[in-house]
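Residue 61 is where the sequence shown starts when you use our numbering, and the numbers rise one by one after that.
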Amino acid sequence: MYFISIMYMKIILISNEQDFVGILKKIIKEAKEMLLEIAFVRHSGFLVLEDALREFFSRRGKLKLLVGEDFNLTQSKALKSFLNLGAELKVYKTLGFTYHPKSWIIKSKDNSYKVIVGSSNISKGALTNNVELN
């Protein structure tokens, strides 16, 4: 469990009119640690972020990824891709309910935090052209 003391918070709504992938890549470039809780991960979404993730791990960034397996939407190829880069991975198995969060907690190089909460899973559609709000 992570507890973050927030002294100052700036809220930005990210919608499809903005370049969500560009914003994510910029945040990943400034990150040193990331905790992602995502309902499902597709290989198409990994490919959208791959260049930023490779650069992140080349700087010895630490990524903890907690994903769900509901509805068989998470792809093993995507999980293997994250593992091959060095991510710590946990798959959340549910019994009788659905695991459906979408949150990114990012610790930047300057020790500040950025938190993204929204509707985007890690899939090409969610990151590029679906109607999402983060």
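The beta carbon of each residue, even a glycine, is placed where N, CA and C say it ideally should be.
- The three-state reading of DSSP puts VAL191 in coil, since its state is none of H, G, I, E or B.
- By the CB criterion at 8 Å, LEU145 and VAL101 fall outside the cutoff.
- A distance below 6 Å between beta-carbons, with the five flanking residues on each side excluded, links TRP164 to the following residues of its chain, in chain order: LEU96, ILE176.
- Less than 8 Å separates the beta-carbon of ASN194 from that of SER179.
- GLU90 and LEU187 have their alpha carbons spaced roughly 19 Å apart.
- DSSP places ALA138 in the uninterrupted alpha helix (DSSP H) bounded by 136 to 145.
- Beta bridge pairing from DSSP links GLU148 with LYS124.
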